[in-house]
Amino acid sequence: MTQGGDLRRNPVSGGLAIVAPARASRPADTAGRGAGAPPCPFCAGNEALTPPEVDAVRPAGGAPDGTGWRVRVVPNKYPALAGRHEVVVHAPDHGAELEGLADEALAEVIRMWRRRIDAQLSSGAAAVTLIGNLGAGSGASLEHPHEQLFATPVVPPVLLDELLEMERYRNRYGSCVVCDEAEAAGERSVLGGPFPAWVPAATRYNGELWLAPAAHEPDFRTADPAALAPAFRRVLAAVKASIGEAPLNFWLHTAPADLRGPFHWHVEFAPRTSTLAGFELGSGIHVVTRAPEEAAAAYRDALPSA
Ligand SMILES: [Zn+2]
Ligand SMILES: [Zn+2]
Ligand SMILES: [Zn+2]
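At position 229 of the sequence shown the residue is numbered 252 (my numbering), and the sequence of numbers has no breaks.
Here you go:
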């Protein structure tokens, strides 16, 4: 298997980079599966094309790396970090988008996310970032829909910033900022119930959307998959319907292994309808052209009824 990358830190900015030249050689098939395209390694029947699986859901039993699975987890063949970069193939069917799964199937996928996060956090990872790259231009190199899990030996800067902000907020106001944000979303609210979703007042991306449990819950490993599935599916469907063919990324922020202060897990959806330019990259201040209130209204209109 290909070697993983090398985690380095810029001493001036504190920024982290994974230097992984081997990833440049990974195949890309997002241009479509025309005649002569190599077989998809994530489709049922092609299990031998991936590294040996680390976990799977096989309702009728069966041997690892055989067919008969509903969810399958394999190490990334071109890892950013060796042993710490996994691929969750959420269905054996090449066209199965996450939001197209039935709620029971999606709950099974969510249960697998929990299980892999737990496996990594209990075997020494400092934090786990689960991500989805959806659509051409999102960073996905294989067309078969899947999620990826990155377990890092350090708490990533974005998560660290959130941990510090949540602690500051609690010290100042005595409450959780995510709980308060979800409750105060008002016209930026997209979905209520046990898993509210809202567009933050200050977004980095046009139509950025957050989803979190209404009950204060630091760790995704205690999330209820059956209750989360319909909310996740509806929100994702609404975002995709509303942004058309634009690429979309989402990521899950959950408590690091060594949680000392407050945290509230959440998923962030980032439509990539525009590219970051010099000012955004050079200042960290994002210019968005779509009012969060407008984006939220569009999402509410696009929300599937159930
Ligand atoms: Zn496939
Ligand atoms: Zn909270
Ligand atoms: Zn976050």
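C-beta atoms are modelled at their ideal positions from N, C-alpha and C, and glycine is treated no differently.
Values in this document were obtained by computation on a predicted structure and should not be read as measured data.
Under the three-state reduction of DSSP output, Arg49 falls in the coil class, being neither helix nor strand.
The three-state secondary structure of Leu121, taken from DSSP, is helix. With a cutoff of 6 Å, His167 does not count as near ligand 3, since its C-beta is closer than that to no heavy atom of the ligand.
Here the C-alpha atom of Pro82 lies approximately 39 Å from the C-alpha atom of Pro180. Here Ala174 carries a strand assignment [DSSP, helix/strand/coil]. Gly28 is positioned such that its CB atom lies closer than 7 Å to that of Ala103. A straight line joining the alpha-carbon of Pro34 with that of Ala40 spans about 11 Å. With a minimum length of 3 residues, the unbroken runs of beta strand (DSSP E) contained wholly in the region 218 to 256 fall at 232 to 234.
With distances taken between CA atoms, Gly68 lies nearest to Trp92 out of Trp92, Ser328 and Ala60. By the Cβ-count criterion, Phe173 is buried, with 16 or more other Cβ atoms from all chains shown falling within 10 Å of its own Cβ. For His117, the shortest C-beta to heavy atom distance toward ligand 1 is below 6 Å. Taking one beta carbon from each stretch, the region 230 to 250 and the region 200 to 212 have 3 or more pairs nearer than 8 Å; the two touch. Within its own chain, the residues whose Cβ lies closer than 6 Å to the Cβ of Ala43, once the five positions on either side in sequence are excluded, are Gly28 and Ala103, listed in chain order. For Phe302, no beta strand (DSSP E) run applies; the uninterrupted alpha helix (DSSP H) run containing it begins and ends at Gly301 to Ser306, by DSSP. Not one heavy atom of ligand 3 is found less than 6 Å from the C-beta of His287. For Arg31, the enclosing beta strand (DSSP E) has its first and last residue at Asp29 to Arg32. Under the 8 Å Cβ criterion, the region 254 to 262 does not count as touching the region 139 to 150, having fewer than three qualifying pairs.
Here Trp221 is actually not in contact with His289; their C-beta atoms are around 10 Å apart, not less than 8 Å.
For ligand 3, a non-hydrogen atom lies closer than 6 Å to the CB of Glu291. In this model, Ala225 and Glu127 are separated by some 34 Å (Cα to Cα). As the crow flies, the alpha-carbon of Arg134 is around 13 Å from that of Asp242. With respect to the 7 Å criterion, Arg46 and Tyr101 are classified as neighbours on the basis of their beta carbons.
Secondary structure at Leu282: coil, using DSSP grouped into helix, strand and coil. A distance criterion of 6 Å places the beta-carbon of Phe173 beyond contact range of ligand 1, judged by its closest non-hydrogen atom. Between Cys199 and Pro279, the gap from beta carbon to beta carbon reaches 7 Å or more.
In this structure, the alpha-carbon of Ile308 lies about 20 Å from that of Met189.
For Glu76, the CB stays at least 6 Å from every heavy atom of ligand 3.
Non-local C-beta neighbours of Arg313 in its own chain, meaning closer than 7 Å and more than five positions away in sequence, comprise Asn229 and Gly230, ordered along the chain. Taken through DSSP and simplified to helix, strand or coil, Gly155 comes out as strand. When distances are taken from the beta-carbon of His276 to the heavy atoms of ligand 3, the shortest one is below 6 Å.
Here Pro180 carries a helix assignment [DSSP, helix/strand/coil]. Taking C-beta separations shorter than 7 Å and ignoring five residues to either side along the sequence, the partners of Gly89 in its chain run Glu70, following chain order.
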